[in-house]
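Let me begin by presenting the structure, written as structure tokens, before commenting on it.
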Amino acid sequence: MTIKRFKLLIGVAVYLVASLVASISMAEIYRYKDENGHVVLDRQGVPAQYIGQGYEVLNKSGQVIRTIPRALTAEEHQARIAAQRKQEQDRKLLQLYNREEDLNRAKTRKLAEIDGQIRLAEGGLQTVTAQKLRVQQQAATHERAGREVPEHLLIQVRDFEQDETRLATQIQSYKAQRAQLAEQFERDRQQLQRILSQQR
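The sequence shown begins at 173 in the working numbering and counts up one residue at a time.
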């Protein structure tokens, strides 16, 4: 081997070693805790079993350049989802109402609409009941006279009774809707007060 070739090989070897040292010195260092709580510094990375606990990435000077937080527990994940859902509800509520007065006006209007439906159904129920009583009186007149009650009167009484049941059910449904709506408006009012107080 000639001296020239030997010097060339030495030069290449020195270059490779220098490159390796430079790449190692520039490499990131991973800092994490093991199962015993001891801090570990590792250039190779974080073992899979410790990744979920979170870790830090350091530069060659030991400064933190990235922090990877630990994975959330199931409870924390649910809490985060609940908080995001709450924020979305707050945002939607503010889109509907800028002030508490706006909410109160909407409540008054909606409850008045349902009250109108209740009054309409109650009026219908009174009318049906009055009609049924008239037909029943006609049927009673036939019975007192010793005559058989005509079939059409019996059918009318049955139809009126069905209408009474339907309307009574409808009224109860409207009243339940009204109660639910009033409760929802109260929850919205309290939520809106909380949001607006936080904005002050």
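Ideal Cβ placement from N, Cα and C applies to all residues, glycine included.
Could you please give me the residues that DSSP links to residue i through a beta bridge?
i, result
"L213", "R203"
"V236", "L230"
For residue i versus residue j, is the C-beta distance shorter than 8 angstroms?
i, j, result
"R361", "E272", "yes"
"R350", "L283", "yes"
"V236", "Y202", "no"
"A340", "V329", "no"
"Q363", "L265", "yes"
"F357", "K279", "yes"
Name the residue from the options whose alpha carbon lies nearest to the alpha carbon of residue i.
i, options, result
"I162", "R350, Q303 and I343", "Outside the displayed span of the chain (173 to 372) sits residue 162, for which this structure offers no information."
"R242", "E248, A255 and G226", "G226"
"E294", "Q342, R281, Q309 and Q261", "Q342"
"R238", "Q370, Y204 and A246", "Y204"
I need the straight-line Cα distance from residue i to residue j, nearest angstrom please.
i, j, result
"Y222", "I286", "59 angstroms"
"E200", "E207", "22 angstroms"
"R338", "R372", "51 angstroms"
Below 8 angstroms on the Cβ atoms is my contact criterion, and I expect residue i with residue j to pass it. Report the Cβ-Cβ distance as a whole number of Å.
i, j, result
"E336", "V300", "5 angstroms"
"Q289", "Y346", "5 angstroms"
Nearest chain B C-beta to residue i closer than 8 angstroms, yes or no?
i, result
"R316", "You won't find chain B in this structure, because it holds only one protein chain."
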